[in-house]
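Visitor: Top to bottom, those sequences are chains A and U.
By numbering that gives the first Met the number 0, the letter at position 144 of the first sequence is numbered 143, and the numbering carries on one by one without gaps.
By numbering that gives the first Met the number 0, the letter at position 12 of the second sequence is numbered 11, and the numbering carries on one by one without gaps.
Even glycine gets a Cβ: it sits at the ideal position worked out from N, Cα and C.
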Amino acid sequence: MLKRPVNILRVDLTTGSMRVEELEESIYRLYPGGKALAGYILLRELPAHTEPLSPQNILVIAAGLLTGSPLSTATRYVVSARSPLTNGYGESEAAGYFGPELKMAGFEAIVITGKAEQPVYLWVQDGVAELRPAGHLWGQHCAEAQAIIRSELGDEKIRVLQIGVAGENLVRYAGLTNDLRHFNGRNGMGAVMGSKNLRAVAVRGHQRVQALAHDPAGLMALGRRLAQEAAQHPQGADLTERGTLGAVEGLQAGGILPTRNFRQGAFENVDGIKWQAYEQQILTARRSCYACAVRCKREVKVGGQVSPYGGPEFETVGAFGSLCAVGDLQVVARANELCNALMLDTISTGAAIAFAMECFEHGLITLEDTEGLDLHFGNADAVLPMIEKIAYRRGIGALLAEGTRRAAQVIGGDAPFFTVEVKGQELAMHDPRGKYSVAMGYAVAEIGADHLVVAHDPLMQNPDSITFKSARALGITEAQPSRKFTTEKMRQFLILESWGSMEKTVGWCFFGPAPRSFIQPEDVLAAFNLMSGWDGSVEELLRIGERGTNLARLFNLREGFSRADDTLPERIFQPLENGALAGHAIGREEFETALTDLYGFKGWDAQTGIPSRERLDALSLGWAAEILEQI
Amino acid sequence: MITIYVDRALQFFTRSKQSCYQLDLPDPARLSDALERLGIPMGEVHLVVINGRAVEPGEITLSDQDIVKLYPPFGGG
């Protein structure tokens, strides 16, 4: 029995009206925040074929059951809508401080419809909400906008979730940031918010989330223990020590560091962008999210000044570094800062530049198209100007702002072969030819290529590893190799995908729960029960996750997606040109066989990917069955 | 003498947190003997690079003058 109602703030930007909806607890138990709650709302309320950048799109900001509790890594919230990048189910998670503050302000979620006539921002304080003019924020870099909001509202502790210029300009991969350092980067959620003339959501709350728990003392004790355990686990310890940056050298050694737009898996100038260079040249401090002992965030100096936007993480170092063949960490750090100031997704932006570089080297884009910018791979001087062009839709930036898939259609010729995307979203900085569960995740994720679908293969490959053994409670007992599609691997994929989807629902960061990191399944379950008072099980947690995945799947099926969209880019069926896996490619046939296996485990039709009525009923999604009839 | 570079994340297991060790081992030696000497569990090593060539850990033989690099699994995030 929850101690306060589940409060959803409903905002209609067209009329300016707002109201608070209380969601029944029995419904919240099935959709306990985040991914599942957003999917529930979007599938029920958003009409099919709604134009993503129209006022009719619905933007959902949803924290999770555990968000804001005193548990390390329980900090996440999602932002969801129909994606302008993929035209499918859209979603991006982030941590930091906004999610906890929203819960402290009395709300589990905000649902935003319509479009304001003039730029506005939403101010939410201890259960009360108002819309305020944002004309003076429009066009500002994110640091300036946050400072103005805090100053005019008179409180430096206000948490600000905002879009930047890129979202204002409807760049299809514009994102959101909270506290300037935590990013709902992917999928173009920032463009949706910009299309509504909504610049920011500012939040301040004073209700301690632990006081809302069924067992506050138990929850606090768990939090204290988890804070100790983070440093005692090899994954937790490395996330504190190096953040995600150890992967630069690790993936290089394995031949799977995306280089030159995924043609290669090893970068000859990797020494310029690896952790040693980072620590020596730019690192100033390690920081954390709300109540989290992991401290995976990096603080850096850029051009001698401490950056207000934090330091580049692995994905960004890959996307502007090896992917573009740029071995200059100063440029990568500046690129990170500029993307964050303008609020562009660093992965899709780096991918757009790498795509443009490949087109340029093939003569499909000329110096005239680039207004004199030399876009050969490795030209570090091109990176920052290209970011500006994209954010402001200037010159060739206007085309690249549409995403590589659309840009390739316009450029024509061989350009579509140079895109490395699924459903229109560009791959992240892990070459799937070395990690087949990552490959399947890229292929099937409803949001397009997503590297955070399942725990990555290397963590699950060795039966004697700490990480593999921690998955036993999830029903995983036979280790599988990284580069083979086995039926057992697909059975495990479903379990890990459901577990990951549950994390995105109740508010766990990817860096918390096993098998990726240190929080064991029994503690993940304990947290759920201590907070809610529900008598849950690991099985219930997995069903929550599977429910969220199926909601997103139904959304996509209704928009016309099919099995054909669960695929991999052409390049991935081609051999890597260098590195430890030179000559290696994924086979089309083995991939399709694995996909059929996976659909089978999911209870989806092998040809169409449509979930069976039986499976939907088992997931308490029988109400969604009428959507099946629309497909 | 075998030179072994230990990735920062695997230094989690070693007593002295060095990134490079010179080990006096019989020739040939087993990788498992080297790991035991360093205190690194075999189960935590994902990739071994020997003289520039990457191999997955297992029954690996090391020779005198070999340069070895050890990496843990990386998970993404």
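Among the residues of its own chain, which have a CB less than 7 Å from the CB of residue 624/A, if the five just before and after it don't count?
Guide: Position 625 of the first sequence, counting from 1, holds the residue named residue 624/A. Cβ within range, chain order: 612 and 615.
Visitor: Under the DSSP definition of a beta bridge, which residues are partnered with residue 297/A?
Guide: Residue mapping note: residue 297/A aligns to position 298 of the first sequence, counting from 1. According to DSSP, residue 297/A bridges with 285/A.
Visitor: Can you find a C-beta in chain A that's less than 7 Å from the C-beta of residue 35/U?
Guide: Locating residue 35/U in the second sequence gives position 36, where the first residue counts as 1. Judged by the 7 Å Cβ criterion, residue 35/U is not in contact with chain A.
Visitor: Mind checking whether residue 101/A and residue 202/A have CB atoms under 7 Å apart?
Guide: For the purposes of this step, residue 101/A is identified with residue 102 of the first sequence, where counting begins at 1. For the purposes of this step, residue 202/A is identified with residue 203 of the first sequence, where counting begins at 1. Yes, these two residues count as a Cβ contact at 7 Å.
Visitor: Would you kindly check if the distance between the Cβ of residue 382/A and the Cβ of residue 332/A is under 7 Å?
Guide: Looking up residue 332/A in the first sequence gives position 333. Looking up residue 382/A in the first sequence gives position 383. No, they are not a contact pair.
Visitor: Using CA atoms only, rank isn't needed, just tell me which of 542/A, 115/A, 59/A and 364/A is closest to residue 601/A.
Guide: Residue 601/A sits at position 602 when you count from the first residue of the first sequence. Closest option to residue 601/A, Cα to Cα, is 542/A.
Visitor: How about residue 579/A: is its C-beta nearer than 7 Å to some C-beta of chain B?
Guide: Of the protein chains in the structure, A and U, none is chain B.
Visitor: Would you check if the distance between the CB atom of residue 63/A and the CB atom of residue 95/A is smaller than 7 Å?
Guide: By one-based count along the first sequence, residue 63/A stands at place 64. By one-based count along the first sequence, residue 95/A stands at place 96. No, these two residues do not count as a Cβ contact at 7 Å.
Visitor: Could you work out which residue in 205/A, 604/A, 255/A and 337/A is closest to residue 482/A when comparing CA atoms only?
Guide: Locating residue 482/A in the first sequence gives position 483, where the first residue counts as 1. Closest by alpha carbon: 255/A.
Visitor: Where does residue 10/U land, buried or exposed, given buried means 16+ other C-beta within 10 angstroms?
Guide: Position 11 of the second sequence, counting from 1, holds the residue named residue 10/U. Buried, by the Cβ-count rule.
Visitor: For residue 471/A and residue 5/U, I'd like the C-alpha separation in whole angstroms.
Guide: As a working mapping, residue 471/A is identified with position 472 in the first sequence. As a working mapping, residue 5/U is identified with position 6 in the second sequence. Taking the straight line joining both Cα atoms gives about 28 Å.
Visitor: Is the shortest distance between the beta-carbon of residue 458/A and the beta-carbons of chain U less than 7 Å?
Guide: On the first sequence, position 459 is the one that residue 458/A refers to. At least one chain U Cβ lies under 7 Å of residue 458/A.
Visitor: Given a cut-off of 7 Å, decide if residue 206/A and residue 103/A are closer than it, judged by their beta-carbon atoms.
Guide: Here residue 103/A corresponds to residue number 104 of the first sequence, with the count starting at 1. Here residue 206/A corresponds to residue number 207 of the first sequence, with the count starting at 1. The answer is yes: Cβ separation under 7 Å.
Visitor: Taking the beta carbon of residue 466/A as the centre, do at least 16 other beta carbons fall within 10 Å, making it buried, or is it exposed?
Guide: On the first sequence, residue 466/A is found 467 positions in, with the first residue counted as 1. Label assigned to residue 466/A: buried.
Visitor: With 16 other CB atoms within 10 Å as the buried threshold, where does residue 233/A fall?
Guide: For the purposes of this step, residue 233/A is identified with residue 234 of the first sequence, where counting begins at 1. Flag for residue 233/A reads buried.
Visitor: Just to make sure I have the definition right: I need the residues of chain U whose C-beta is within less than 9 Å of the C-beta of residue 463/A. Which are they?
Guide: On the first sequence, residue 463/A is found 464 positions in, with the first residue counted as 1. The contacting residues are 40, 41, 42 and 43.
Visitor: What residue from 47/A, 106/A and 414/A has the CA that sits closest to residue 630/A's CA?
Guide: On the first sequence, position 631 is the one that residue 630/A refers to. For residue 630/A, the nearest C-alpha among the options comes from 47/A.
Visitor: Would you give the residue range spanned by the alpha helix (DSSP H) that residue 557/A belongs to?
Guide: Working through the first sequence from its first residue, we reach residue 557/A at position 558. Per DSSP, residue 557/A belongs to the alpha helix (DSSP H) from 537–557.
Visitor: Taking contact to mean at least 3 C-beta pairs separated by less than 8 Å, is the stretch 341–352 of chain A in contact with the stretch 180–198 of chain A?
Guide: The stretch 341–352 of chain A vs the stretch 180–198 of chain A: in contact.
Visitor: Going by CA-CA distance only, name the one from 527/A, 564/A and 200/A that's closest to residue 121/A.
Guide: Translated into the one-based positions of the first sequence, residue 121/A becomes position 122. Cα-wise, what sits closest to residue 121/A is 200/A.
Visitor: Which residues in chain U have a C-beta closer than 7 Å to the C-beta of residue 233/A? List them in chain order.
Guide: For this step, residue 233/A is matched to residue 234 along the first sequence. Here the neighbours are 8, 11, 43 and 71.
Visitor: With 16 as the cutoff for other CB atoms within 10 Å, does residue 15/A come out buried or exposed?
Guide: Residue 15/A sits at position 16 when you count from the first residue of the first sequence. When all chains shown are included, residue 15/A counts as exposed.
Visitor: Residues of chain U with CB closer than 9 Å to the CB of residue 274/A, please, in chain order.
Guide: Counting from 1 along the first sequence, the entry for residue 274/A is found at position 275. Those are 7, listed as they occur along chain U.
Visitor: Using a Cβ-Cβ distance cut-off of 7 Å, determine whether residue 590/A contacts chain U.
Guide: On the first sequence, position 591 is the one that residue 590/A refers to. Chain U has no Cβ within less than 7 Å of the Cβ of residue 590/A.
Visitor: Does the pairing of the stretch 219–232 of chain A with the stretch 140–149 of chain A give three or more beta-carbon distances under 8 Å?
Guide: With a cut-off of 8 Å, the stretch 140–149 of chain A and the stretch 219–232 of chain A do not count as touching, because too few Cβ pairs lie within range.
Visitor: How would you label residue 380/A, buried or exposed, when you count the other beta carbons within 10 angstroms and need 16 or more for buried?
Guide: Against the first sequence, residue 380/A aligns to sequence position 381. Burial call: exposed.
Visitor: Tell me, please, which residues DSSP counts as bridged to residue 17/A.
Guide: The sequence position of residue 17/A within the first sequence is 18, counting from 1. DSSP output for residue 17/A lists 10/A as bridge partner(s).
Visitor: Which stretch, first to last residue, makes up the alpha helix (DSSP H) that contains residue 27/A?
Guide: Sequence index remark: in the first sequence, residue 27/A carries index 28 (1-based). Counting along the chain, the alpha helix (DSSP H) containing residue 27/A begins and ends at 24–29.
Visitor: From what residue to what residue does the alpha helix (DSSP H) around residue 498/A run?
Guide: Within the first sequence, residue 498/A is the residue found at index 499, counting from 1. Element bounds for residue 498/A: 486–505.
Visitor: At the level of alpha carbons, what is the spacing between residue 605/A and residue 551/A?
Guide: As a first step, residue 605/A must be located in the first sequence, where it is residue number 606. As a first step, residue 551/A must be located in the first sequence, where it is residue number 552. The alpha-carbon atoms of residue 605/A and residue 551/A are separated by roughly 18 Å.
Visitor: Do you know offhand how far residue 419/A's Cα is from residue 318/A's?
Guide: Sequence index remark: in the first sequence, residue 419/A carries index 420 (1-based). Sequence index remark: in the first sequence, residue 318/A carries index 319 (1-based). In a straight line, the C-alpha of residue 419/A is about 12 Å away from that of residue 318/A.
Visitor: Along the chain, where does the alpha helix (DSSP H) that runs through residue 410/A open and close?
Guide: Position 411 of the first sequence, counting from 1, holds the residue named residue 410/A. Its alpha helix (DSSP H) spans residues 403–410.
Visitor: Using only CA atoms, which one of 372/A, 586/A, 387/A and 44/A lies nearest to residue 163/A?
Guide: Here residue 163/A refers to the residue found at position 164 of the first sequence. When C-alpha distances from residue 163/A are compared across 372/A, 586/A, 387/A and 44/A, the shortest belongs to 387/A.
Visitor: Could you tell me whether the stretch 78–85 of chain A touches the stretch 40–59 of chain A, using the rule of 3 or more Cβ pairs below 8 Å?
Guide: yes
Visitor: Rank 270/A, 248/A, 526/A and 235/A by C-alpha distance to the C-alpha of residue 221/A and give the top, closest one.
Guide: By 1-based counting over the first sequence, the position of residue 221/A is 222. If we check each option's Cα against that of residue 221/A, 526/A comes out closest.
Visitor: Around the Cβ of residue 17/U, are there at least 16 other Cβ atoms within 10 angstroms (buried) or fewer (exposed)?
Guide: What you label residue 17/U is simply residue 18 of the second sequence in a count that begins at 1. So residue 17/U ends up on the exposed side.
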